[in-house]
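First comes the structure, then the notes that go with it.
Structure representation (structure tokens):
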């Protein structure tokens, strides 16, 4: 692949949304958003509320490609390396198909990895095999500064899943603002929670931002079992 079009690996969460936003700010020609919808837990992909990526794509104004694999589930294997490779193969196949579909082909992908060598190394190796570039604007940066930059840019971020010590039901539906970031830094010191949830401690949805024309509105209930919790989205629409 030696094309011109860029594809943004996109879940609707804060990290992939920030990578997309920064790519657009840099003038990269992002022609497609690509969302993988895991059928269960995943080592490589954001899992909760990926169905809302279509609303985000509509608000952003870039066509979305949905990938719905049914041949992997992280809960069914003990070998993380093999699991990660299997999950990546689904993405590689989708990018190969897009290379055929997009005028001029695919030239690069955006990725929202912050510190996960597991994810970043696999995406880099895939990009090298495909002969495309990788744009990873969060990689290796201080998480507290990344969070501050998101807030300064005008991202409205909502926590939609929690799965770590110190993150109780009160965090579900909470806006990731400056106060929440400060609380997460404290929890990082006490419980080891990553300030951006890089270890899966929490997941997010970007409801609004400077790259979006319309805000995503939500109706939901919270579900919490004492250690893990999720927003059960009952309805979602664009304002």
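Residue numbers (our numbering): 874 to 1112. A virtual CB, placed ideally from N, CA and C, is assigned to each residue, including glycine. Keep in mind the model is a prediction, meaning the values are calculated, not measured.
Excluding its 5 nearest sequence neighbours in each direction, residue 1027 has C-beta neighbours in its own chain below 7 Å: 1082, 1083, listed in chain order. By DSSP's assignment, residue 883 forms no beta bridge with any residue.
Considering only 1104, 884, 1018, the residue with the shortest C-alpha distance to residue 1069 is 1018.
Here residue 902 has 877, 878, 879 as same chain residues with Cβ atoms under 7 Å from its own Cβ, once five neighbours each way along the sequence are excluded.
For the pair residue 904 and residue 975, the CB atoms are nearer than the 8 Å cut-off. DSSP places residue 1109 inside the beta strand (DSSP E), whose first and last residues are 1102-1111. Residue burial annotation: residue 1043 is exposed, with fewer than 16 other C-beta atoms found within 10 angstroms of its C-beta. Residue environment for residue 994: exposed (fewer than 16 other C-beta atoms within 10 angstroms of its C-beta). With fewer than 16 other CB atoms across the displayed protein chains lying within 10 angstroms of its CB, residue 1110 is exposed. Nearest to residue 1105 by C-alpha distance, out of 887, 962, 1045, 881, is 1045. In terms of CA proximity to residue 892, 1007 leads the group 1034, 931, 1007. For residue 996, there is no enclosing beta strand (DSSP E); the residue is part of the alpha helix (DSSP H) that begins and ends at 990-1003. Counting other Cβ atoms within 10 Å of its Cβ, residue 1009 reaches 16 or more and is therefore classed as buried.
When beta bridges are read from the DSSP output, residue 1093 appears opposite 1106. At a Cβ-Cβ threshold of 8 Å, residue 961 and residue 937 do not count as neighbours. When the beta-carbon positions are compared, residue 1023 and residue 887 come within less than 8 Å of each other. In this structure, residue 1075 lies near residue 1035, with their beta-carbon atoms less than 8 Å apart.
Beta-carbon to beta-carbon, residue 925 and residue 968 are separated by about 23 Å, too far to satisfy the 8 Å threshold. The DSSP-derived three-state label of residue 1076 is strand.
About 7 Å separates the beta carbon of residue 940 from that of residue 908, a gap short enough to meet the 8 Å contact definition.
Within the model, the alpha-carbon separation for residue 1015 versus residue 1095 is close to 31 Å. By the neighbour-count definition (other C-beta atoms within 10 Å, threshold 16), residue 1025 is an exposed residue. The alpha helix (DSSP H) runs of length 4 or more contained entirely in the segment 1000-1045 are, from start to end of the chain, 1016-1026.
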